[in-house]
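S.K.: Pasting in a structure now, in C-alpha cells, and then I'll have a few things to ask.
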Amino acid sequence: DSGVTQTPKHLITATGQRVTLRCSPRSGDLSVYWYQQSLDQGLQFLIQYYNGEERAKGNILERFSAQQFPDLHSELNLSSLELGDSALYFCASSKRTAGELFFGEGSRLTVL
Amino acid sequence: QKEVEQDPGPLSVPEGAIVSLNCTYSNSAFQYFMWYRQYSRKGPELLMYTYSSGNKEDGRFTAQVDKSSKYISLFIRDSQPSDSATYLCARGGNQFYFGTGTSLTVIP
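Chains as they are written, first to last, in the working numbering: chain A, 107 to 218; chain B, 178 to 285.
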C-alpha cells in the first residue's frame, strides 16, 4: 500500500458525460500528479499541483481540469467524455518535486 | 529527443535467471532516478530510488546509474515468476519523466 488513495476504482459512463476522480496523497506529501495510461500505453503526464497551486501542465486536454484543495486532496474533472478517454487515471504524490513518487492504484474509466 | 528511453521488450527469461533492464536519459543536469514495477492494470510500485551515480542494492534488486554514458539499469537476481510485470524507469528533478516500460515474463 503506497498510501495514495484514489476513488472510484472503476467508473463506467457514456460519451458526453462528466466525471470527477478523487485522490488523497500520502500523509505529508504536498505535491500531487495526475497521469493517464491508455491500454498498452505509457504513462502520460497530465498535471501537477504543489500545496494547492498548479505547478506544471503536461498533455492535458482543455476538457479536463484539476484542482488541489487546502487539505491537499486533489480532484481531476473530465468533461464531454469521448470513447478515447477510456483509460486508467493515476494519481501520484511526493513530498517535493525531486523526491520519490508514489502512485495510487488508479481509477479505471470506461466511456461507452 | 525523449528525456528517458527504454527498450519495450518483451523480455522472457527462465526462473532463476539474472535479468537486466536498461534505460538511457538525455539530461545530465538531474540525478534522481527510479525504477517502478507495474502489474497488469495496477498502480506502479516504487522499487528503487537512486541519486547520482553508482549502485544501490535491495534484496534481489540492484539499480545502477552510469552518468558518463547516461545509462540506468535494474538487475534482478534469481528471478521469480512473481517478477513478471512491466518495469518502468523514471527520472526525477524539475519534473518526472518515465520510460515506456519493459514487459518481463519469468517462466517457471
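Heads up, the beta-carbon is just placed ideally off N, CA and C, and yes, glycines get one too. If you're wondering where the values come from, they're calculated on a predicted model, not measured in any experiment.
Does residue 199 (chain A) come out as helix, strand or coil in the three-state DSSP assignment?
M.R.: In the first sequence, counting from the first residue as 1, residue 199 (chain A) sits at position 93. Correct three-state label for residue 199 (chain A): strand.
S.K.: Would residue 210 (chain A) be called buried (16 or more neighbouring beta carbons within 10 Å of its own) or exposed?
M.R.: Position 104 of the first sequence, counting from 1, holds the residue named residue 210 (chain A). By the neighbour-count rule (16 or more Cβ atoms within 10 Å), residue 210 (chain A) is buried.
S.K.: Does the segment 184 to 203 of chain B come close enough to the segment 169 to 184 of chain A that 3 or more CB-CB pairs lie under 8 Å?
M.R.: At 8 Å Cβ cutoff, the stretches do not touch.
S.K.: Starting from residue 242 (chain B), trace the beta strand (DSSP E) both ways and give me its first and last residue.
M.R.: Position 65 of the second sequence, counted from the start, is the residue given in the question as residue 242 (chain B). Residue 242 (chain B) -> beta strand (DSSP E) spans 238 to 243.
S.K.: Does the beta-carbon of residue 175 (chain A) have 16 or more other beta-carbons within 10 angstroms, so that it is buried, or is it exposed?
M.R.: Counting from 1 along the first sequence, the entry for residue 175 (chain A) is found at position 69. The residue is exposed, with fewer than 16 neighbouring Cβ atoms inside 10 Å.
S.K.: Note the first and the last residue of the continuous beta strand (DSSP E) segment covering residue 141 (chain A).
M.R.: As a first step, residue 141 (chain A) is located in the first sequence; it is residue number 35 there, counting from the start. Per DSSP, residue 141 (chain A) belongs to the beta strand (DSSP E) from 137 to 143.
S.K.: Could you tell me which chain B residues have their CB closer than 8 Å to the CB of residue 108 (chain A), listed as they occur along the chain?
M.R.: If you number the first sequence from 1, residue 108 (chain A) lands on position 2. In chain order: 220, 222 and 223.
S.K.: Report the rounded CA-to-CA distance for residue 108 (chain A) versus residue 246 (chain B), giving the unit in angstroms.
M.R.: The residue labelled residue 108 (chain A) in the question sits at position 2 within the first sequence. The residue labelled residue 246 (chain B) in the question sits at position 69 within the second sequence. Rounded to the nearest angstrom, the two C-alpha atoms are 32 Å apart.
S.K.: Would you say residue 207 (chain A) faces chain B, with C-beta separation under 8 Å as the test?
M.R.: Reading the first sequence from its first residue, position 101 is the one you call residue 207 (chain A). At least one chain B Cβ lies under 8 Å of residue 207 (chain A).
S.K.: Measure from the C-beta of residue 273 (chain B) to each C-beta in chain A and report whether the shortest distance is under 8 Å.
M.R.: Within the second sequence, residue 273 (chain B) is the residue found at index 96, counting from 1. True, the Cβ-Cβ gap to chain A drops below 8 Å.
S.K.: Taking a contact to mean a Cβ-Cβ separation below 8 Å, would you say residue 193 (chain A) touches residue 154 (chain A) in this structure?
M.R.: Residue mapping note: residue 193 (chain A) aligns to position 87 of the first sequence, counting from 1. Residue mapping note: residue 154 (chain A) aligns to position 48 of the first sequence, counting from 1. No.
S.K.: Strictly below 8 Å CB to CB, what residues from chain B border residue 149 (chain A)?
M.R.: As a first step, residue 149 (chain A) must be located in the first sequence, where it is residue number 43. The answer, in chain order, is 221, 265 and 275.
S.K.: How about residue 225 (chain B) and residue 233 (chain B): do their beta carbons lie closer than 8 Å?
M.R.: Sequence index remark: in the second sequence, residue 225 (chain B) carries index 48 (1-based). Sequence index remark: in the second sequence, residue 233 (chain B) carries index 56 (1-based). Contact: yes.
S.K.: Check whether the Cβ of residue 186 (chain B) lies closer than 8 Å to any Cβ atom in chain A.
M.R.: Translated into the one-based positions of the second sequence, residue 186 (chain B) becomes position 9. With 8 Å as the cut-off, residue 186 (chain B) does not count as an interface residue toward chain A.
S.K.: Just the chain A side, please: which residues come within less than 8 Å of residue 226 (chain B) by C-beta, in chain order?
M.R.: Here residue 226 (chain B) corresponds to residue number 49 of the second sequence, with the count starting at 1. Result: 206.
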